[in-house]
Amino acid sequence: MANDLNTTFTFLNGRTVHRIGYGAMRLTGQPRNFGPYANWQGGIELLQRARDLGVTHIDTARAYGPHDNEKLIADALVDEHGNYGEMFIASKGGVEKTAASIRRDTSAETMKRHLAESLASLRTDKIELYYVHSPDGVTPISESVAALEEMRQAGKIDMIGLSNVSRSQVEEALRVAPIAAVQNRYSTADARDEALEDTIDWLNDQRIAFVPHGPLGANPMKQGAAVDPGQALRTLLARAPNVLVIPGTTTIAHLENNAAALAPLYARGSDHLGSGMANDHGTAVRP
Ligand SMILES: NC(=O)c1ccc[n+]([C@@H]2O[C@H](COP(=O)([O-])OP(=O)(O)OC[C@H]3O[C@@H](n4cnc5c(N)ncnc54)[C@H](OP(=O)(O)O)[C@@H]3O)[C@@H](O)[C@H]2O)c1
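First residue of the sequence shown: 9, per this note's numbering; consecutive thereafter.
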């Protein structure tokens, strides 16, 4: 079916973001995305190159490192006035990570503490989008979201997101607070999940963004894309207008390849993603 491919998505609160973002998780110590990224200066240069290409949506989490990924983003992208400018930073709380373990804790108290730590690491007073990283299976999602809603009312975040959730959890959360984005695993490399397909359409109807994680089908603990990156990203963007892509990479060459693979899709196709994305006119894509 034909699908008008818009370059941007506008959240219900009026904030508009480019649909092509960057997932920063791999700019961490390896293995297990634990500890600081070994090539700190290289990470700064990659994030700044992303910004220069017009990639403004940067996805991170308190758990990446922990803390180190958010600190790297701050070193790269906080400007001389102490602001992120046009950058759109999304982070997550609710996962505790050590050298040996990963533990989910999405209790209200932990969500608030993690958000405070993310604000400090990102060196900002407010984060535009903050997700419940992964429900812990004990805390009702309504409780985690109520804690973030309190923080939103206090001006510490603009929008609340949910990651690794079912549609019923999104519905439960919506009874407590507005939800701006859902981030679940989804790629052309993964087996088709009809419930998730329906959820993406339902989220689109609600004007809630869907942010596929692992958009290139990669194993989060292993290096390498599972599918052709350009083709995979084009397919995801054509899936629905609420899909925002956040491919991860540790190389500037791959970052540029991913941007270049998408540039021709946009009106006035340009090899500079920033100028190619500067308008909101869609090019019809016929899969
Ligand atoms: N919410 C969650 O629970 C969750 C879980 C996992 C991930 N995420 C988010 O999703 C983001 C993306 O996921 P991901 O990084 O795991 O996987 P991905 O985007 O599916 O794939 C990343 C892998 O693909 C390779 N790659 C990227 N562009 C390439 C290109 N043009 N040519 C060849 N190889 C290429 C990268 O290797 P090179 O470094 O060599 O380019 C990297 O190993 C993460 O950064 C994170 O922000 C969220």
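Positions of the beta carbon are idealized from the N, C-alpha and C atoms, including for glycine.
Query	Result
Spatially closest choice to Ser171 from Arg193, Pro39 and Phe42, by CA coordinates	Arg193
Ala233 beta carbon near ligand 1 (any heavy atom closer than 7 Å)	yes
Segment contact, 8 Å Cβ cut-off, at least three pairs: the stretch 177-186 with the stretch 69-85	no
First and last residue of the uninterrupted alpha helix (DSSP H) at Met119	Ala116 to Leu130
Extent of the continuous alpha helix (DSSP H) run through Val178	Arg175 to Leu182
Alpha carbon of Glu104 to alpha carbon of Gln231, nearest angstrom	23 Å
Leu137: first and last residue of the uninterrupted beta strand (DSSP E) it sits in	Ile135 to Val140
Chain D within 8 Å of Ala58, Cβ atoms only	In summary, chain D is missing from the structure at hand, where a single protein chain is found.
Simplified DSSP state of Val235, which is helix, strand or coil	coil
Chain-order list of residues whose beta-carbon lies under 7 Å from that of Leu224 (same chain, five-residue window excluded)	Ser195, Ala233, Ala234, Val235, Pro237, Ala240 and Pro255
Ile168 beta carbon less than 8 Å from that of Val190	no
Whole beta strand (DSSP E) elements within the stretch 185-256, 3-residue minimum	189-191
Proximity test, Leu55 beta-carbon vs ligand 1 heavy atom, cut-off 7 Å	no
Beta-bridge pairing of Lys79 - partner residues as DSSP gives them	According to DSSP, Lys79 bridges with nothing at all.
Reduced DSSP secondary structure (H/G/I, E/B, other) of Glu104	strand
Ser126 and Arg70 closer than 8 Å at C-beta	yes
Rounded separation between Gln49 and Val140 - CA only	30 Å
Residue interval of the beta strand (DSSP E) (run including Arg353)	Not covered by the structure: residue 353. The range shown for the chain is 9 to 295.
Beta-carbon gap between Ile66 and Ile97 smaller than 8 Å	yes
Continuous alpha helix (DSSP H) stretch holding Gly51: start and end	Trp48 to Leu61
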